[in-house]
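To start, the structure itself, in structure tokens.
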Amino acid sequence: MLTLLLPLFSSPAHACPTIATGTPSGLLFDVAQVAIVRQDGRTTFSVSINPVGDTQEFALVMPVPTVLAENEVKTLDGAIFGRLDGYSAPRHVADAGCGRLQSGGSNDTGAAADGDGGIDGGDGTVDVEATYLVGDYEVVILSAEESMGLETWLTTHGYHLPDGADARLAEYIESGSFFLAAKVAPGADLADGSALAPLQISYLSDGFTIPLRLATLNSPGEQDMVIYAITESQAPDGGRVGIANYPEFTIPDKCMWDDPSGNNDFTSFYEDAFDQGWLAMSDAAWTVEFAGEWGSCNPCSGVNVDEADLAALGFTGDAWDHHLTRIRARYTPEQATQDLVLYGSGLNEAKVTSFADLSQQNAQCIDSVCFAEDEEEDRASNPPLAEHGCGCETTPASGAAFAGGLAAAALVRRKRWAMSKSR
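Under the working numbering, the sequence shown has 360 at position 52, and the numbering climbs by one with no breaks.
So, in structure tokens, the structure goes:
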């Protein structure tokens, strides 16, 4: 039996804040899950949007490197993100199968606008480059000469940015960015709090980045983002993806775990491990939770991402040629001073984050206990290990692909958790 980690972002504390809303009061929404496909110089970026509050007040402002054509802005079926999550999430294996690692797969876990919508042609320092009606969204592409004029234009047209946006907008303008502004179109039939369709943009660019700085402005604290990065497995710049400008940490897995409370609460167990790994970095940081080519999900969850899903996300060609990397990043507004710069490593080593129940049966093929301080503690507190003579050296979840580094230590549930730290 295998259990997937519950959705990582059910807690409002880790939901990304509003980038822009239709009212000055603000609106929280979850933009924590994004998918990014990089292939032949083209980036296709999809963002899952789940507002908390009045859906009609949702709005988004995002820097883009070029004026997007009408066919480069789309919406997706939101169920695709559910399948990506189910396929790649960290998992709990009740019966490791001693080499078989079989699972039952249970899971706990448009047309161009005609200009009649109230969008004018700018105010002298802002130019409206294009307007589109895409699903339930009214989309406008803007260029600007200076940030004050852009912020004024956005406010006038119903986009209320948080304090501090002026300086961030100025940085993007100076770098030559354009801006995509999207809000729910008048007349869209949406219930308050209902899920909006994921929004997708596609463009040719030398950069492989995710804009971050605007999204952190009115954060109450740390934010999480799950990134599903898809590349060609055999391309020199494909394979497993990493983040170049923030440090990586690893969470040792392939070990046996036990819940002292007896509640079998795997979600809390994994969240504790992630929390302590991130805190040990004292910086914005990230970890790889899944990586691999199609079918390299052992132990598999029973949830699959198929060719149609990959095509909808922007991947072209045979599905067997893709490599999926699931990255989970965490940062605070003070730490997120740069957008995320991604890179393809060219490596295709598979990685599935999984943990097995502490049991005599699993101890026959798994020789480590999560959180154990040393071998003597392993043997004294866990009879299955003593009986089978298993060692207790924890196997890192990843690290070979992105260069090892400095050893660090963090306390989790009163025991030491070994982790590696690389920059």
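C-beta atoms are modelled at their ideal positions from N, C-alpha and C, and glycine is treated no differently.
1) With DSSP collapsed to three states, give me the class of Glu642.
2) What are the uninterrupted segments assigned as beta strand (DSSP E) that are 3 or more residues long and contained completely in the region 571-638, given in chain order?
3) Quick check on Leu384: buried or exposed, where buried means 16 or more other Cβ atoms within 10 Å of its Cβ?
4) Straight-line CA distance for Asp573 to Asp532?
5) Using only the alpha-carbon positions, how far apart do Asp393 and Ser569 sit?
6) Alpha carbon to alpha carbon, how far is Ile538 from Ala343?
7) Reducing DSSP to helix, strand and coil, say where Gln410 ends up.
8) For Tyr651 versus Ala543, is the C-beta distance shorter than 7 Å?
9) Less than 7 Å between the beta carbons of Phe598 and Ser396, yes or no?
10) Report back the beta-carbon spacing between Glu459 and Ser541 to the nearest angstrom; my notes put them in contact at under 8 Å.
11) Among all the DSSP beta bridges, which residues are the ones paired with Pro371?
12) Work out the CA separation of Ser451 and Ile481 for me, nearest whole Å.
13) Is it the case that the Cβ atoms of Ser576 and Thr351 are separated by a distance below 7 Å?
14) Return the first residue and the last residue of the alpha helix (DSSP H) that Arg391 is part of.
15) Grab me the residues of Thr374's own chain with a C-beta within less than 8 Å of its C-beta, minus the 5 sequence neighbours each way, in chain order.
16) In the DSSP assignment, the alpha helix (DSSP H) including Arg476 goes from what residue to what residue?
17) Would a C-beta distance cut-off of 7 Å place Leu623 and Asp561 closer than the cut-off?
18) Strictly by DSSP, which residues pair up with Ala664?
19) Below 6 Å CB to CB, which residues in the same chain sit around Leu504 once its five sequence neighbours on both sides are set aside?
20) Nearest-angstrom Cα distance between Ile518 and Val649?
21) Leu462 by DSSP, collapsed to three states: which one?
22) Taking its Cβ as the centre, do 16 or more other Cβ atoms sit within 10 Å of Met589, making it buried, or is it exposed?
23) Taking all protein chains shown into account, do 16 or more other C-beta atoms lie within 10 angstroms of the C-beta of Gly423, making it buried, or fewer, making it exposed?
24) Taking the straight line between their C-alpha atoms, what separation do you get for Trp586 and Gly529?
25) Looking at the structure shown, is Ser455 part of a helix, part of a strand, or coil, going by DSSP?
26) Give the range of the beta strand (DSSP E) segment to which Asp675 is assigned.
27) Counting only the same chain and skipping the five closest in sequence on each side, list residues whose C-beta sits under 8 Å from that of His630.
28) Over what stretch of residues does the beta strand (DSSP E) that includes Gly550 continue unbroken?
29) Between which two residues does the beta strand (DSSP E) holding Pro506 run?
30) Tell me, which residues are paired with Ser354 by DSSP?
31) Which partner residues of Asp532 appear in the DSSP bridge assignment?
32) Can you tell me whether Gly349 is buried or exposed, with buried defined as 16 or more other CB within 10 angstroms of its CB?
33) Taking the Cβ atom as the reference point for each residue, do Thr633 and Arg521 lie within a distance shorter than 7 Å?
34) Starting from the Cα of Arg399, find the closest Cα among Pro607, Val613, Ala671, Tyr440 and give me that residue.
35) What are the boundary residues of the beta strand (DSSP E) that Tyr651 is part of?
36) Under a Cβ-count criterion, where at least 16 other Cβ atoms within 10 Å of its own Cβ denotes burial, should Glu657 be classed as buried or exposed?
In terms of the structure at hand:
1) On the sequence shown, position 334 is the one that residue 642 refers to. Of the three classes helix, strand and coil, the one that applies to Glu642 here is coil, per DSSP.
2) Taking only runs of at least 3 residues, the beta strand (DSSP E) segments lying wholly in the region 571-638 are 593-601.
3) Residue 384 sits at position 76 when you count from the first residue of the sequence shown. Taking all protein chains in view, the Cβ of Leu384 is crowded by 16 or more other Cβ atoms within 10 Å, so the residue is classified as buried.
4) In the sequence shown, counting from the first residue as 1, residue 573 sits at position 265. In the sequence shown, counting from the first residue as 1, residue 532 sits at position 224. Here the C-alpha atom of Asp573 lies approximately 21 Å from the C-alpha atom of Asp532.
5) As a working mapping, residue 393 is identified with position 85 in the sequence shown. As a working mapping, residue 569 is identified with position 261 in the sequence shown. The C-alpha of Asp393 lies about 27 Å from the C-alpha of Ser569.
6) In the sequence shown, counting from the first residue as 1, residue 538 sits at position 230. In the sequence shown, counting from the first residue as 1, residue 343 sits at position 35. Straight-line Cα distance between these residues: approximately 8 Å.
7) As a position in the sequence shown, residue 410 is number 102, starting the count at 1. Any reading at Gln410 must be qualified, since the residue scores a pLDDT of 42, below 50, and its modelled position is unreliable; no value is offered.
8) Here the question's residue 651 lines up with position 343 in the sequence shown. Here the question's residue 543 lines up with position 235 in the sequence shown. No, these two residues do not count as a Cβ contact at 7 Å.
9) Reading the sequence shown from its first residue, position 290 is the one you call residue 598. Reading the sequence shown from its first residue, position 88 is the one you call residue 396. Note that the C-beta distance between Phe598 and Ser396 is below 7 Å.
10) What you label residue 459 is simply residue 151 of the sequence shown in a count that begins at 1. What you label residue 541 is simply residue 233 of the sequence shown in a count that begins at 1. Contact flag wrong, Cβ pair sits at about 43 Å.
11) Locating residue 371 in the sequence shown gives position 63, where the first residue counts as 1. Answer is Phe487.
12) For the purposes of this step, residue 481 is taken as residue 173 along the sequence shown, with counting starting at 1. For the purposes of this step, residue 451 is taken as residue 143 along the sequence shown, with counting starting at 1. Take the alpha-carbon of Ile481 and the one of Ser451: they are about 8 Å apart.
13) Within the sequence shown, numbered from 1, the residue matching residue 576 stands at position 268. Within the sequence shown, numbered from 1, the residue matching residue 351 stands at position 43. Inclusion of Ser576 and Thr351 in the CB contact set at 7 Å is not warranted, their separation being larger than that value.
14) Your numbering for residue 391 matches position 83 in the sequence shown. Here the alpha helix (DSSP H) through Arg391 covers 387-396.
15) Translated into the one-based positions of the sequence shown, residue 374 becomes position 66. If we look at Thr374 and ignore the five residues flanking it on each side, its Cβ neighbours are Phe486, Tyr511, Leu512, Ser513.
16) Here residue 476 corresponds to residue number 168 of the sequence shown, with the count starting at 1. Arg476 -> alpha helix (DSSP H) spans 473-482.
17) Looking up residue 623 in the sequence shown gives position 315. Looking up residue 561 in the sequence shown gives position 253. The question names Leu, but residue 623 in the sequence shown is Phe. Against a cut-off of 7 Å, the Cβ pair of Asp561 and Phe623 comes out as no contact.
18) The residue labelled residue 664 in the question sits at position 356 within the sequence shown. Ala664 is bridged to Val401, Met564.
19) What you label residue 504 is simply residue 196 of the sequence shown in a count that begins at 1. If the five residues before and after Leu504 are omitted, its C-beta is found closer than 6 Å to the C-beta atoms of Ile357, all from its own chain and listed in chain order.
20) Position 210 of the sequence shown, counted from the first residue, corresponds to residue 518. Position 341 of the sequence shown, counted from the first residue, corresponds to residue 649. About 7 Å.
21) Counting from one through the sequence shown, the residue named residue 462 turns up at place 154. Reduced to three states, the DSSP call for Leu462 is helix.
22) Here residue 589 refers to the residue found at position 281 when the sequence shown is read from its first residue. Label assigned to Met589: buried.
23) The residue labelled residue 423 in the question sits at position 115 within the sequence shown. Only weak support is given to the placement of Gly423: the predicted model assigns it a pLDDT of 40, under 50, and the question is left unresolved by the model.
24) Position 278 of the sequence shown, counted from the first residue, corresponds to residue 586. Position 221 of the sequence shown, counted from the first residue, corresponds to residue 529. Taking C-alpha positions only, Trp586 is separated from Gly529 by approximately 14 Å.
25) Mapped onto the sequence shown, residue 455 falls at position 147. In the structure shown, Ser455 sits in a helix (DSSP, three-state: H, G or I).
26) As a working mapping, residue 675 is identified with position 367 in the sequence shown. First-last for Asp675: undefined, no H or E at that position.
27) As a first step, residue 630 must be located in the sequence shown, where it is residue number 322. These residues qualify, in order along the chain: Ile538, Thr539, Glu540, Ser541, Glu601, Trp602, Leu618, Phe623.
28) Here residue 550 corresponds to residue number 242 of the sequence shown, with the count starting at 1. Start and end: 549-551.
29) Looking up residue 506 in the sequence shown gives position 198. 504-512 is the span of the beta strand (DSSP E), which, as asked, contains Pro506.
30) Position 46 of the sequence shown, counted from the start, is the residue given in the question as residue 354. Answer by DSSP bridge pairing, in chain order: Ala343, Gln508.
31) The sequence position of residue 532 within the sequence shown is 224, counting from 1. In DSSP, Asp532 forms a bridge with Arg638.
32) Mapped onto the sequence shown, residue 349 falls at position 41. Counting Cβ neighbours within 10 Å, Gly349 comes out exposed, since fewer than 16 surround it.
33) In the sequence shown, the residue the question calls residue 633 occupies position 325. In the sequence shown, the residue the question calls residue 521 occupies position 213. No, these two residues do not count as a Cβ contact at 7 Å.
34) Numbered from its first residue, the sequence shown carries residue 399 at position 91. If we check each option's Cα against that of Arg399, Pro607 comes out closest.
35) Within the sequence shown, the letter at position 343 stands for residue 651. Taken as a continuous stretch (DSSP letters only), the beta strand (DSSP E) holding Tyr651 covers 648-652.
36) Numbered from its first residue, the sequence shown carries residue 657 at position 349. With a threshold of 16 other beta carbon atoms within 10 Å, Glu657 falls short and is exposed.
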